[in-house]
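Participant: Numbering (the working numbering), first residue to last: 1062 to 1429.
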Ligand code: MRU
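Now the structure itself:
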């Protein structure tokens, strides 16, 4: 995506230093657009845990480089296994992380240690390049849905979409998943407007999605997480579209906490609820998402404090609960497949079901 006319990805290898990567520190957005250099496995693990990088596809891509950094010090089998295990542990819900690390390990393990670093860089680069192509394809397939709505409206008014969390270009290597169709619709002149759930507690909606959409000139309105149902009842949401951190073989969808409530409200109001994902987000080993997907529990402080800018323009946080009140902070929830209108993947759309996924990805369930 372009920032002030310059095209960027959300992770890249600088041409003058091919042994480090750069990311945007997402904990500084939208106030500051700061590049952060990562050049060892510890820095990568820290960036993922603290959400300097976040979004399922992006953390997979960045973790792949983290594995290569570890091999620079020690390219033995033991080091490969140890670093792979440590990186997979950084965030438990997003399956793209495990997918990327397993892909790297399967590629590197058969090679002599002396070749692993160079081959590792190339494989991590390939993961990034493929992510861009895959998200572009998701965008094209999702765009068809927005076009259909626009045609049904007689090309009048606005197509109103609602999204939760951030599934835009900074959550992937480029384009995004749920936001890719929105960018494409906007670019081809369809008047789209996005209701952006603020997405407490980390506010990925108000901080990141609103920043992305605003930078691209897409009309949007930030709403409190509790407002979506109200706008659906009022007929002001044509479609909900979200990303996901893990989709099971039967089509259950894990995504940012609060997604499930949006799906319930959408079902009650006959609003289509679509989920956009690259196939690397499908966990073919898991069926029942509610029972089987591990839900990351994050720090209480994310709920007890709200971040913002102080009067001097410095990043700061404000406590929003009594001193002694504890908090709980599940970072994700699971939307059962029955509440999902359909999945948008790089191969097209399908039902959120085993049959739907198997039709698009024949044999994939057996191979994993
Ligand atoms: O905790 P986060 O910010 O990493 O959670 C991100 C999400 O839930 C996204 O919706 C999901 O990863 C899809 S990103 C294309």
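All residues carry an ideal CB built from backbone N, CA and C; glycine is no exception.
1) In its own chain, which residues sit with a C-beta less than 8 Å from the C-beta of residue 1429, not counting the 5 before and 5 after it?
2) Let's see if you can read the secondary structure: which residues bound the alpha helix (DSSP H) around residue 1335?
3) Could you check which residue in 1188, 1244, 1295 and 1180 has the C-alpha nearest to that of residue 1228?
4) Do you know whose CA, among 1116, 1079, 1306 and 1151, lies nearest residue 1071's CA?
5) Please state whether the Cβ-Cβ distance between residue 1305 and residue 1394 is less than 8 Å.
6) Should residue 1262 go down as buried or exposed, given a rule of 16 or more other Cβ atoms within 10 Å for buried?
7) Threshold first: 3 residues or longer. Then list the beta strand (DSSP E) segments lying entirely within the stretch 1070-1125, N to C.
8) Going by DSSP, which residues form a beta bridge with residue 1172?
9) Nearest CA to the CA of residue 1218: which residue from 1196, 1254, 1318 and 1106?
10) Flag this pair as yes or no: are the beta carbons of residue 1360 and residue 1390 separated by less than 8 Å?
11) Is residue 1080 near the ligand MRU, going by C-beta to nearest heavy atom under 7 Å?
12) Identify which residue in 1133, 1212, 1191 and 1259 has its Cα closest to the Cα of residue 1224.
13) If you measure from the beta carbon of residue 1275 to each beta carbon in chain D, is any gap under 8 Å?
14) How is residue 1300 classed by DSSP in three states: helix, strand or coil?
15) Mind checking residue 1173: buried by the 16 CB within 10 Å criterion, or exposed?
16) Which class does residue 1422 belong to by DSSP, given the choice of helix, strand or coil?
17) Pull up the DSSP beta-bridge partners for residue 1380, would you.
18) Going residue by residue through the stretch 1202-1272, where are the continuous alpha helix (DSSP H) segments of at least 4 residues, counting only ones entirely within it?
19) What three-state label does DSSP hand residue 1307 in the structure shown?
20) Can you name the residues that DSSP bridges to residue 1317?
21) Beta carbon of residue 1331: closer than 7 Å to some heavy atom of the ligand MRU?
22) What is the DSSP secondary structure of residue 1359, reduced to helix, strand or coil?
23) Check whether the Cβ of residue 1118 sits closer than 7 Å to any heavy atom of the ligand MRU, and report yes or no.
24) Can you round the beta-carbon distance between residue 1392 and residue 1356 to whole angstroms, since I take them to be within the 8 Å contact cut?
25) Among all the DSSP beta bridges, which residues are the ones paired with residue 1406?
26) Just confirm the distance between the C-beta atoms of residue 1413 and residue 1401, as a whole number of angstroms; I'd bet it's less than 8 Å.
27) If we count the other Cβ atoms within 10 Å of its Cβ and call it buried at 16 or more, is residue 1247 buried or exposed?
28) Residue 1147 lies in the alpha helix (DSSP H); which residues open and close that run?
29) Give the single residue among 1396, 1406 and 1363 whose Cα lies nearest to the Cα of residue 1388.
30) So what's residue 1344 in DSSP terms, helix, strand or just coil?
31) I'd like to confirm the pairing. Which residues does DSSP put opposite residue 1284 in its beta bridges?
Facilitator: The short version:
1) Excluding sequence neighbours, residue 1429 sits near 1345 and 1346.
2) Per DSSP, residue 1335 is not a residue of any alpha helix (DSSP H); the beta strand (DSSP E) it occupies stretches across 1334-1337.
3) For the set 1188, 1244, 1295 and 1180, the Cα lying nearest the Cα of residue 1228 is the one of 1244.
4) For residue 1071, the closest C-alpha among the options 1116, 1079, 1306 and 1151 is that of 1116.
5) No, Cβ-Cβ distance for residue 1305 and residue 1394 is not below 8 Å.
6) Under a 10 Å Cβ-count criterion, residue 1262 is classified as buried, with 16 or more other Cβ atoms of the shown protein chains found around its own Cβ.
7) Correct list: 1082-1085 and 1096-1099.
8) For residue 1172, which the question treats as bridged, DSSP gives no partner whatsoever.
9) Looking at the Cα atoms, 1254 is the closest of the given residues.
10) In contact: residue 1360 and residue 1390 (Cβ atoms closer than 8 Å).
11) For the ligand MRU, not one heavy atom lies less than 7 Å from the Cβ of residue 1080.
12) Among 1133, 1212, 1191 and 1259, the Cα nearest to that of residue 1224 is on 1259.
13) Checking the listed chains, one finds no chain D in this structure; it contains a single protein chain.
14) Strand.
15) Classified as exposed, residue 1173 has fewer than 16 neighbouring CB atoms from the shown chains inside 10 Å of its CB.
16) In the structure shown, residue 1422 adopts coil according to DSSP, grouped into three states.
17) DSSP output for residue 1380 lists 1366 as bridge partner(s).
18) The stretch 1202-1272 contains these whole alpha helix (DSSP H) runs: 1240-1248.
19) Reduced to three states, the DSSP call for residue 1307 is strand.
20) Here residue 1317 is bridged, per DSSP, to 1393.
21) Exclusion of residue 1331 from the 7 Å shell around the ligand MRU follows from its C-beta lying no nearer than that to any non-hydrogen atom of the ligand.
22) Note: residue 1359 maps to coil in three-state DSSP.
23) The answer is yes for residue 1118.
24) For residue 1392 against residue 1356, the beta-carbon gap comes to about 7 Å, under 8 Å, which counts as contact.
25) When beta bridges are read from the DSSP output, residue 1406 appears opposite 1409.
26) Yes, they are in contact, since the Cβ atoms of residue 1413 and residue 1401 sit about 4 Å apart, within 8 Å.
27) Buried, by the Cβ-count rule.
28) Per DSSP, the unbroken alpha helix (DSSP H) holding residue 1147 starts and ends at 1138-1149.
29) Considering only alpha carbons, the answer is 1363.
30) Assignment of residue 1344 by DSSP, reduced to helix, strand and coil, places it in the strand class.
31) DSSP, once it has assigned bridges, lists 1258 as partnering residue 1284.
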